[in-house]
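So UniProt numbering is basically just the index in the sequence shown, starting at one, shifted up by 196. Ideal Cβ placement from N, Cα and C applies to all residues, glycine included. For clarity, every value in this text was computed on a predicted model and none was experimentally measured.
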Amino acid sequence: DEGAVLQPRPAVVTVMGHVDHGKTSLLDVLRKTSVAAKEAGGITQHLGAFVVEMTSGASITFLDTPGHAAFSAMRARGAAVTDIVVLVVAADDGVMPQTLEAMSHAQSAKVPIVVAINKCDKPSADPERIRIQLGSEGLHLEDLGGDVQVVEVSAKTKHGLDKLEEALLLQAELMDLKARIDGPSQAYVVEARLDRGRGPLATAIVKSGTLLCGQYIVVGSEWGRIRSIRDMLGRETTSGRPAMPVEIEGLKGLPMAGDDVVVVASEERARMLSSGRKKKLEKDRLLKASEGRI
Ligand code: GTP
Ligand code: NA
Ligand code: MG
């Protein structure tokens with residue numbers, strides 16, 4: 197839009213890779229807590245989002261994704277809302293089906309990849325083998341003259357984590373990420389859940405503009421009026437700034453990960469847009485069902 201003022205914004209980085217290759221563990225080290233241990237059975241069920249302030253002072257918004265085969269759609273959505281994909285490959289296990297799947301999601305969304313070869317502390321680790329595997333899958337690694345950065349890390353010993361930070365900040369710098377701060381907000385849902393007391397809650401990444409309490413929004417096919425916006429530490433904030441994950445309260449129904457957040461002028465507009473989208477979803481569903489019968 198004309199005359200819009202663009203300001204630098206943090207990068208949104210999505211961590212992807214095969215199940216158990218250490219995505220959540222790496223993020224835990226970056227955010228210096230221990231969520232992995234608390235996750236049910238150690239498997240990431242949801243797309244978590246949080247901001248990490250790097251030692252350089254710059255901040256990066258990270259999205260975690262599950263590596264289990266069943267969560268392909270979640271990885272596709274993760275790739276779609278992100279600036280950079282960190283492709284985690286365990287140095288002992290090597291390139292596996294969900295490694296390749298994550299790679300192809302990133303490539304089809306035209307998102308640059310930074311490779312983190314993890315578990316390099318293990319005696320059976322073979323980072324050279326991983327490089328060869330990735331190269332033969334068509335990834336142009338920088339060691340071989342390509343533009344994909346590769347870092348060897350260990351979430352266990354924390355080895356190489358500073359290098360990973362550097363690689364991400366360098367990649368972000370190359371991309372010169374900017375966003376419009378003022379005006380109507382565009383955002384994407386990365387996670388939604390129903391809270392007993394607070395109702396439907398959507399975690400969203402703001403892409404541009406500023407979200408404000410009191411605004412009417414349409415999220416996917418749901419609508420609502422923003423009652424509160426909280427940051428990832430649960431603190432109330434009056435706005436959601438670009439690349440910052442926020443939790444939005446005030447929706448009438450539960451949206452889905454990947455839904456867009458649209459700000460509209462009035463309750464009437466919100467209801468209309470929502471019911472239009474619901475009708476279209478229902479029509480598509482019926483069409484699909486009837487095709488299934490033919
Ligand atoms: P999903 O979310 O289920 O796909 O797994 P994930 O990729 O998030 O892996 P997670 O962080 O849950 O780690 C899986 C297992 O690998 C855990 O037992 C971790 O302790 C272990 N692990 C992770 N990183 C390292 C590492 O650098 N070295 C060693 N030795 N073990 C690691
Ligand atoms: Na796991
Ligand atoms: Mg995980």
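ask   = Gly263 and Gly213: beta carbons closer than 8 Å?
value = Counting from one through the sequence shown, the residue named residue 263 turns up at place 67. Counting from one through the sequence shown, the residue named residue 213 turns up at place 17. Yes; because the gap between Cβ atoms is below 8 Å, this pair is in contact.
query = In terms of DSSP beta bridges, what is Ile425 paired with?
reply = Residue mapping note: residue 425 aligns to position 229 of the sequence shown, counting from 1. Beta-bridge pairing links Ile425 to Thr433 and Ile444.
query = Any heavy atom of the ligand GTP within a distance shorter than 7 Å of the CB on Thr399?
reply = Your numbering for residue 399 matches position 203 in the sequence shown. Answer for Thr399: no, Cβ out of range of the ligand GTP.
request  = State the beta-bridge partners of Leu477 as determined by DSSP.
outcome  = On the sequence shown, position 281 is the one that residue 477 refers to. For Leu477, which the question treats as bridged, DSSP gives no partner whatsoever.
inquiry  = At the level of alpha carbons, what is the spacing between Ser404 and Ala302?
reply    = Locating residue 404 in the sequence shown gives position 208, counting from the first residue. Locating residue 302 in the sequence shown gives position 106, counting from the first residue. The straight-line gap from Cα to Cα measures roughly 22 Å.
key: CB-CB length for Val459 against Pro380, believed under 8 Å   = Taking the sequence shown and counting its residues from 1, one reaches residue 459 at position 263. Taking the sequence shown and counting its residues from 1, one reaches residue 380 at position 184. Yes, Val459 and Pro380 are in contact; Cβ-Cβ is about 5 Å, under 8 Å.
request  = Say yes only if the C-beta of Lys448 is nearer than 7 Å to one or more non-hydrogen atoms of the ligand MG, and no if none qualify.
outcome  = What you label residue 448 is simply residue 252 of the sequence shown in a count that begins at 1. Because no heavy atom of the ligand MG lies under 7 Å away, the Cβ of Lys448 does not count as near it: no.
task = Under the assumption that Met428 contacts Pro441 (Cβ atoms under 8 Å), give the Cβ distance between them as a whole number of angstroms.
result = Looking up residue 428 in the sequence shown gives position 232. Looking up residue 441 in the sequence shown gives position 245. Rounded, the Cβ-Cβ distance is 6 Å, consistent with contact.
query = Does the Cβ of Thr220 lie closer than 7 Å to at least one heavy atom of the ligand MG?
reply = Stepping through the sequence shown from its first residue, residue 220 is reached at position 24. Flag set: Cβ of Thr220 near the ligand MG.
request  = Drop a sphere of 10 angstroms on the beta-carbon of Ala351, count the other beta-carbons inside from all chains shown, and report buried for 16 or more, exposed for fewer.
outcome  = The residue labelled residue 351 in the question sits at position 155 within the sequence shown. That one is buried.
inquiry  = Helix, strand or coil for Met452? Go by DSSP, reduced to three states.
reply    = Sequence index remark: in the sequence shown, residue 452 carries index 256 (1-based). Three-state DSSP puts Met452 in coil, outside helix and strand.
message = Quick check: Glu361 and Met250, are their CB atoms within less than 8 Å of each other?
response = On the sequence shown, position 165 is the one that residue 361 refers to. On the sequence shown, position 54 is the one that residue 250 refers to. Yes, Cβ-Cβ distance for Glu361 and Met250 is below 8 Å.
query = Which ranges would you report for the beta strand (DSSP E) in the segment 348-393 if only whole runs of at least 3 residues count?
reply = 374-376 and 382-391
task = Pair every Cβ in the segment 304-311 with every Cβ in the segment 356-370, then say whether three or more of these pairs are closer than 8 Å.
result = yes
inquiry  = In this structure, how does DSSP classify Gly420 when only helix, strand and coil are distinguished?
reply    = Position 224 of the sequence shown, counting from 1, holds the residue named residue 420. Residue state, collapsed to three classes: strand.
task = Report yes if the CB atom of Leu222 is closer than 8 Å to the CB atom of Asn314, and no otherwise.
result = The residue you call residue 222 lines up with position 26 of the sequence shown. The residue you call residue 314 lines up with position 118 of the sequence shown. Cβ atoms of Leu222 and Asn314: closer than 8 Å.
ask   = Alpha carbon to alpha carbon, what distance is there between Ser486 and Ala233?
value = Indexing the sequence shown from 1 puts residue 233 at position 37. Indexing the sequence shown from 1 puts residue 486 at position 290. Confidence at Ala233 is low in this model, with a pLDDT of 47, below 50, so its placement is unreliable and no value can be given for it.
request  = Would you kindly work out how many angstroms separate the C-alpha atoms of Ala254 and Pro206, rounded to a whole number?
outcome  = Locating residue 254 in the sequence shown gives position 58, counting from the first residue. Locating residue 206 in the sequence shown gives position 10, counting from the first residue. Rounded to the nearest angstrom, the two C-alpha atoms are 8 Å apart.
message = With DSSP as the reference, identify every bridge partner of Met212, one or two as the case may be.
response = Mapped onto the sequence shown, residue 212 falls at position 16. The partner list for Met212 (beta bridge, DSSP) reads Leu283.
3-residue-minimum beta strand (DSSP E) runs that sit fully inside the segment 266-338, ordered along the chain = 280-286 and 309-314
key: Endpoints, alpha helix (DSSP H) assigned at Ser221   = Numbered from 1 along the sequence shown, position 25 holds the residue referred to as residue 221. From DSSP, the alpha helix (DSSP H) with Ser221 extends over Lys219 to Arg227.
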